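Q:
There are 2 protein chains.
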Amino acid sequence: MEYNTETEKKILAAATEVFIQKGKDGARMDEIARKAGLNKALLHYYFRSKERLYSHVFSSEVRCFFHAFLDSIPISENIENFLHGFIGNYIEHLRKNPRIIRFILWEIGHGGQMFVEVVSEVFSESESKTPHSFIKKIEQAVQEKKIRPLDPLHLLLSMIGMSIFVFIAQPLVESIFSGVQVTDSAFIEKRKDEIFQLIWQGVHP
Amino acid sequence: MEYNTETEKKILAAATEVFIQKGKDGARMDEIARKAGLNKALLHYYFRSKERLYSHVFSSEVRCFFHAFLDSIPISENIENFLHGFIGNYIEHLRKNPRIIRFILWEIGHGGQMFVEVVSEVFSESESKTPHSFIKKIEQAVQEKKIRPLDPLHLLLSMIGMSIFVFIAQPLVESIFSGVQVTDSAFIEKRKDEIFQLIWQGVHP
DNA sequence: GTCTATACATCGATAGAC
DNA sequence: GTCTATCGATGTATAGAC
Numbered sequence: 068m069e070y071n072t073e074t075e076k077k078i079l080a081a082a083t084e085v086f087i088q089k090g091k092d093g094a095r096m097d098e099i100a101r102k103a104g105l106n107k108a109l110l111h112y113y114f115r116s117k118e119r120l121y122s123h124v125f126s127s128e129v130r131c132f133f134h135a136f137l138d139s140i141p142i143s144e145n146i147e148n149f150l151h152g153f154i155g156n157y158i159e160h161l162r163k164n165p166r167i168i169r170f171i172l173w174e175i176g177h178g179g180q181m182f183v184e185v186v187s188e189v190f191s192e193s194e195s196k197t198p199h200s201f202i203k204k205i206e207q208a209v210q211e212k213k214i215r216p217l218d219p220l221h222l223l224l225s226m227i228g229m230s231i232f233v234f235i236a237q238p239l240v241e242s243i244f245s246g247v248q249v250t251d252s253a254f255i256e257k258r259k260d261e262i263f264q265l266i267w268q269g270v271h272p
Numbered sequence: 068m069e070y071n072t073e074t075e076k077k078i079l080a081a082a083t084e085v086f087i088q089k090g091k092d093g094a095r096m097d098e099i100a101r102k103a104g105l106n107k108a109l110l111h112y113y114f115r116s117k118e119r120l121y122s123h124v125f126s127s128e129v130r131c132f133f134h135a136f137l138d139s140i141p142i143s144e145n146i147e148n149f150l151h152g153f154i155g156n157y158i159e160h161l162r163k164n165p166r167i168i169r170f171i172l173w174e175i176g177h178g179g180q181m182f183v184e185v186v187s188e189v190f191s192e193s194e195s196k197t198p199h200s201f202i203k204k205i206e207q208a209v210q211e212k213k214i215r216p217l218d219p220l221h222l223l224l225s226m227i228g229m230s231i232f233v234f235i236a237q238p239l240v241e242s243i244f245s246g247v248q249v250t251d252s253a254f255i256e257k258r259k260d261e262i263f264q265l266i267w268q269g270v271h272p
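Going down the list, the sequences are from chains A and B.
In terms of the numbering used here, the first sequence opens at residue 68 and continues consecutively.
In terms of the numbering used here, the second sequence opens at residue 68 and continues consecutively.
(1) Can you give the Cα-Cα distance for L120/A and R169/A, rounded to whole angstroms?
(2) For I202/A, which of T250/A, V189/A, L150/A and Y157/A has the nearest alpha-carbon?
(3) Which residue's Cα is closest to the Cα of I171/B: Y157/B, R162/B, I87/B and N156/B?
(4) Are the beta-carbon atoms belonging to F132/A and N164/A less than 7 Å from one another?
(5) Residue ranges of each beta strand (DSSP E) run of no fewer than 3 residues wholly in the region 146–216 of chain B, ordered along the chain?
(6) Three or more C-beta pairs closer than 8 Å, one from the region 225–233 of chain A and one from the region 224–238 of chain B: is that the case here?
(7) With L137/B and K76/B assumed to form a contact (beta carbons below 8 Å), what rounded beta-carbon distance in angstroms separates them?
(8) Hey, out of S191/A, R258/A, K107/A and S122/A, whose CA is closest to P219/B's CA?
(9) I'd like to know if E92/A contacts chain B, where contact means its C-beta is closer than 7 Å to some C-beta of that chain.
(10) Output the distance between the C-alpha atoms of M68/B and S126/B, rounded to the nearest integer angstrom.
(11) Is there a Cβ from chain B that is less than 7 Å from the Cβ of S242/A?
(12) List the endpoints of the continuous alpha helix (DSSP H) containing T83/A.
(13) In the DSSP assignment, find the alpha helix (DSSP H) that holds P238/A and state where it starts and stops.
(14) In terms of residues, what are the limits of the alpha helix (DSSP H) holding S143/B?
(15) Skipping 5 residues on each side, what residues in its chain have a beta carbon closer than 7 Å to that of I208/B?
(16) Listed from N- to C-terminal order along the chain, which residues in the region 172–195 of chain A have their beta-carbon within a distance smaller than 9 Å of any beta-carbon of chain B?
(17) Whole angstroms are fine: how far does the CA of H221/A sit from the CA of V270/B?
(18) Would you report the Cα separation of I262/B and Y157/B, rounded to the nearest angstrom?
(19) If you compare alpha carbons, which of R130/A, S191/A and K117/A is closest to F182/A?
(20) Please go through the same chain and pick out, in chain order, the residues whose beta-carbon is closer than 6 Å to the beta-carbon of T83/A, but skip the five residues on each side of it.
(21) Return the chain-ordered list of same chain residues with a C-beta closer than 6 Å to the C-beta of I255/B, the five sequence neighbours on each side being excluded.
(22) How should Q248/B be labelled, buried or exposed, when 16 other C-beta atoms within 10 angstroms of its C-beta is the threshold for buried?
(23) Output needed in chain order: residues of the region 225–239 of chain B with a Cβ under 8 Å from some Cβ in chain A.
(24) How about D218/A: is its C-beta nearer than 7 Å to some C-beta of chain B?
(25) Below 8 Å on the Cβ atoms is my contact criterion, and I expect I243/A with P238/B to pass it. Report the Cβ-Cβ distance as a whole number of Å.
(26) Using a beta-carbon distance below 7 Å, is Q248/B in contact with chain A?
(27) Please report the distance separating the alpha-carbon of G152/B from that of I140/B.
(28) Can you name the start and end residues of the alpha helix (DSSP H) that Q268/B belongs to?
(29) Assuming H160/A contacts G90/B (C-beta within less than 8 Å), just tell me the rounded distance between them.
(30) So, is E174/A buried or exposed, given that buried needs 16 or more other C-beta atoms within 10 angstroms?
(31) Could you give the first and the last residue of the continuous alpha helix (DSSP H) run that contains V129/A?
As structure tokens, then:
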């Protein structure tokens, strides 16, 4: 597509940091330029406007995150392994990429159109791993009586919600339950276990 | 504390609307003044600064929401009724107050210190209904073998995560699963049922 | 208390030299 | 491609009349 010059990379790295920290409105082109060791004029030379720079940064961050997550899901015929792998990998990815959470929350807090567009794009690029394919897998398990009758969409929503919540509410959780460190390995492993146990017993036929 | 004049109410109403729609940075004092049928100078006369006006609006919105939610939780000795009531009331409150979600997401996306402060305050004002009291209730049910051994904190986090997720991800969910309307009564009732069934079977001894 | 007018700062974007 | 300097627009906050 386009050749990534050294300068462009510097701008994107600085912009990513500032946009995540301050949001689109709170971010200042001056600060991005300073952090990149350059000047404002160059940002506009490379990206025309603040809006375009933001779109570029947000899209690539979200795309990268979702692609890596989808790639990490094990393709298993066994429904127990699939559910276990889905939860474990999702939480692991969130733990490793805490900044993407803030980014997405910021965007959703401002309408979230761009987020929806990017995610839809990512899913349309994948054939075997889409929300609909997950639902089909669960549906099949129901038909084969591997799990009890339930609505696959709601199970999927529940799994995602349980997994992502502690990362969204991290500051609140750590403040109210003093001693809890959401990103600690011990807590993360415990969280994976507790979620899977609840789910697996909850879907038992 | 302070007498709420008609003008002050008008300012707060307009500010609430604009802050929720645009966020703290995106909001303009001009727009708030116009929407209130007043002028910028008056906003500063009543609230000194944009920052203070925002704090006032955010705090009162969040306090109101959480107080109403806590009051709605049934005090039941029966653990099944308690879990069922908690989930049902939480979802119901989220459905009725969609704007608070955006507000909180916006704030968390910007660090969330203020959110943490306000919520901690609300809980400290309540005696019988705090996260710790919920955990104790679950702990007791475990000891009485009403439910299987599990970590009460994680169960609480799971219940909240499952309940709130569809509201957080509403635009994404409705876009990916065309036909789904998160705030539709039918979907909401189905969601309550599916969550409770999963939880209740999942915690069975 | 409420208004108009304006000070003062800041930001995004651009012009123009090198 | 990269810089300095600056424009034009907009925003918060205030001064001062009524």
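A virtual CB, placed ideally from N, CA and C, is assigned to each residue, including glycine.
Fair warning: this is a prediction, and the values are worked out from it, not measured in the lab.
A: In brief:
(1) 18 Å
(2) L150/A
(3) If we check each option's Cα against that of I171/B, I87/B comes out closest.
(4) yes
(5) none
(6) Because the criterion of three Cβ pairs below 8 Å is met, the region 225–233 of chain A and the region 224–238 of chain B touch.
(7) Contact flag wrong, Cβ pair sits at about 25 Å.
(8) R258/A
(9) Position check: residue 92/A holds Asp in this sequence, whereas Glu was assumed. Answer yes: the Cβ-Cβ gap between D92/A and chain B drops below 7 Å somewhere.
(10) For M68/B, the predicted model reports a pLDDT of 43, less than 50, meaning its position is unreliable; a value from the coordinates is still stated below. So the two alpha carbons sit approximately 15 Å from each other.
(11) Chain B contact via Cβ: present.
(12) E73 to G93
(13) Q237 to I243
(14) From DSSP, S143/B is part of no alpha helix (DSSP H); its letter is neither H nor E.
(15) Per the sequence shown, the amino acid found at residue 208/B is Ala instead of Ile. Excluding sequence neighbours, A208/B sits near I146 and I214.
(16) L172, W173, E174, I175, G176, H177, G178, G179, Q180, F182, V183, E184, V186, S187 and F190
(17) 18 Å
(18) 12 Å
(19) R130/A
(20) V124
(21) R162
(22) exposed
(23) S225, I227, G228, M229, S230, I231, F232, V233, I235, A236, P238 and L239
(24) yes
(25) That belief does not hold up - the Cβ atoms of I243/A and P238/B are roughly 28 Å apart, past 8 Å.
(26) no
(27) 6 Å
(28) Judged by DSSP secondary structure, Q268/B falls within the alpha helix (DSSP H) whose first and last residues are S252 to G269.
(29) Here H160/A is actually not in contact with G90/B; their C-beta atoms are around 27 Å apart, not less than 8 Å.
(30) buried
(31) Per DSSP, V129/A belongs to the alpha helix (DSSP H) from K117 to S139.
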